[in-house]
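The numbering of the sequence shown is the UniProt record's numbering, which starts it at 1 and goes up by one.
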Amino acid sequence: MKKRRSGSINIVDPIMFTKVGKQKFVYVRPNGKAVQYNIASLVDYILCTGDFCEPETRIPFTDADLKKIDEAAIKYNLKKQSVLEARKNVAFYSELKFRRDAIFGLERCLAELAAGMLAAVEEADWELAELAQMRLVMQLLPGFADAWAQLRAADAPAARAALRHHREYLAGPPNRPARDPQGLQAVVQGFLDQLEQGIQPDFGF
């Protein structure tokens, strides 16, 4: 069997990781290396992300590059929005980037709060039990509820996914559940249940 030459063009789409297929766009990088994309996945990637760079190298597409992408989309009758015209819609993509960054920030905040909640649950020995409860009630649970409400308002599916993830994280794996010396795990899980059901959380014990 002949080996594929290292300099030969790719046959797997860098975005979808499936075969490029016949509907393709070949991009030649400044260093002369050619890479091909499935034209539909490339157009969808650009329009959905507002990222007008080549996905693999982050090299910005020129207007001439975007025009060629548009021409390829027309050639294959994809009936997609023009990527060249889309780049001119600065306000839309600036808002999209702001929203994406805000969602990422909220997800990171939830992760930090969940880590604090787990630490409070696991480290609440007899001497520190009251302190752990106070930290949960006054800081961690209200902070988590507020950040999660903001995430739900911005992206409900992402909020639901985050809640499932943190519920599992706080409980620990089935074969090695999180330490729970003072029974605070039930409080935390009950709090997450209230969020999921749309009930105003009760931060009391």
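Cβ coordinates follow ideal geometry from the N, Cα and C atoms, glycine included.
Residue nearest to residue i in terms of C-alpha spacing, selected from the options
i	options	result
Asn31	Leu110, Thr57, Ala178 and Gly116	Thr57
Ala72	Lys22, Leu113, Arg99 and Ile199	Lys22
Tyr93	Ile46, Val26, Ala154 and Pro60	Ile46
Tyr76	Thr49, Asn38 and Phe98	Asn38
Ala153	Val90, Ile103, Glu123 and Gln185	Ile103
Coarse secondary structure for residue i, derived from DSSP in three states
i	result
Lys33	coil
Met1	With a pLDDT of only 43 at Met1, under the threshold of 50, the placement of this residue in the model should not be trusted, and no figure is reported.
Lys75	helix
Val20	coil
Sub-7 Å separation of residue i and residue j beta-carbons
i	j	result
Phe52	Arg29	no
Arg167	Leu192	yes
Leu66	Leu78	no
Ser41	Ile59	no
Leu110	Ala120	no
Ser82	Asp63	no
Gly105	Leu140	no
Pro181	Asp101	no
residue 207	Tyr27	Because the chain spans 1 through 205 in this model, residue 207 falls outside it and cannot be assessed.
Leu96	Gly50	yes
Other residues of its chain near residue i: CB distance less than 6 Å, five sequence neighbours each side excluded
i	result
Asp202	none
Arg108	none
Element boundaries [alpha helix (DSSP H), containing residue i]
i	result
Val26	Premise fails: Val26 lies in the beta strand (DSSP E), Lys24 to Val28, not in any alpha helix (DSSP H).
Phe191	Leu184 to Gln197
Lys97	Val90 to Glu122
Same chain, Cβ closer than 7 Å to residue i, five either side skipped, listed in chain order
i	result
Leu195	Ala145, Trp148, Leu163 and Pro201
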